[in-house]
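Chemist: Residue numbers (the numbering used here), protein chains in the order written: chain A, 1 to 113; chain B, 1001 to 1111. Quick one: structure below, then a few questions.
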Amino acid sequence: EAGVTQFPSHSVIEKGQTVTLRCDPISGHDNLYWYRRVMGKEIKFLLHFVKESKQDESGMPNNRFLAERTGGTYSTLKVQPAELEDSGVYFCASSQDSRYEQYFGPGTRLTVT
Amino acid sequence: GQSLEQPSEVTAVEGAIVQINCTYQTSGFYGLSWYQQHDGGAPTFLSYNGLDGLEETGRFSSFLSRSDSYGYLLLQELQMKDSASYFCAVKLGAGSYQLTFGKGTKLSVIP
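Below, the structure is given as structure tokens:
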């Protein structure tokens, strides 16, 4: 079974630019999550999709972040315009149901200069 | 706010046993998970405790005491490949899917 994949693995952009991160969950997993780890800090929850619906977006930092999951398959997270404090590693995870186990992708390392 | 405390770094000798502690102060509590992450890799699920007591999975065990807001991960017969970061994470409620993570403990296994 293929794991959670994320693209790109690294992205370096300038402040004010736009970046779109992509996540492909494990096939059949209705639940998809985005998390972020800023350097030196803990991994923090951003939002949770159930199929194509946003179930919980309480962790989204501000309206510069837009997440979509059209068709309930892959998801994108767009940051527009990017700020310096958006730098960090963005993780995507998926799960089949409400169980405790979430399967994480390797993350996208975003650097905003 | 939510707070999970775990040691930032631990060093242990190959073949030994190491315990990584996690204390939490959260607005709710449903269960405690542990994840392992090798440098540059994906966090990988190790174990989950929803009830007090010890859960054993091979060389790894995890313990939870809800009354003490405390848990630990026990790694036995340490191998070099166990060198990684270990995160405890709280599931806040039955209806809450998000995980609240600690900052992680970097374990270094030395020969």
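For every residue, glycine included, the Cβ atom is placed at its ideal position computed from N, Cα and C. Note that the coordinates shown come from a computational prediction; the quantities given were computed from them, not determined experimentally.
Any residues in the segment 1080-1094 of chain B with a beta carbon nearer than 9 Å to a beta carbon of chain A? Which ones, in chain order?
Modeler: Of all residues in the segment 1080-1094 of chain B, only Phe1087, Ala1089, Lys1091, Ala1094 come within less than 9 Å of chain A when Cβ atoms are compared, listed by chain position.
Chemist: With a CB to CB cut of under 8 Å and the five nearest residues on each side skipped, what residues in its chain are close to Lys51(A)?
Modeler: Asp30, Arg69, Gly72
Chemist: Bridge partners of Tyr1035(B), per DSSP?
Modeler: Its beta-bridge partners are Phe1045(B), Phe1087(B).
Chemist: So which residues of chain A does Lys1103(B) contact, with C-beta pairs closer than 9 Å?
Modeler: Gly40, Lys41, Glu42, Ile43
Chemist: Along chain A, which residues have their Cβ under 9 Å away from the Cβ of Ser1008(B)?
Modeler: Going along chain A, no residue has its Cβ under 9 Å from Ser1008(B), so there is no contact; the nearest lies around 10 Å.
Chemist: Using only CA atoms, which one of Gly40(A), Arg36(A), Lys41(A) lies nearest to Leu47(A)?
Modeler: Arg36(A)
Chemist: Give me the chain A residues within the contact set of Gly1041(B), using Cβ-Cβ distance strictly less than 7 Å, ordered along the chain.
Modeler: By Cβ distance, chain A contributes Pro106.
Chemist: Which chain E residues sit within Cβ distance under 8 Å of Asp56(A)?
Modeler: Of the protein chains in the structure, A and B, none is chain E.
Chemist: Listing by chain order, which chain B residues have their CB less than 8 Å from the CB of Glu101(A)?
Modeler: Per Cβ cutoff of 8 Å: Ser1033, Phe1045, Tyr1048.
Chemist: I'd like to check one pair, Gly1095(B) with Leu1032(B): are the Cβ atoms closer than 7 Å?
Modeler: no
Chemist: Report the neighbours of Gly71(A) on chain B: residues whose CB is nearer than 9 Å to its CB, in chain order.
Modeler: What Gly71(A) touches in chain B: nothing, since even the nearest Cβ is about 20 Å away.
Chemist: Less than 6 Å between C-beta atoms, sequence neighbours within five positions excluded: which residues of the same chain meet that for Glu1009(B)?
Modeler: Lys1106
Chemist: Take Arg1059(B) and list the residues in its own chain whose beta-carbon comes closer than 6 Å to its own, dropping the five residues that flank it on each side.
Modeler: Gln1076, Glu1077
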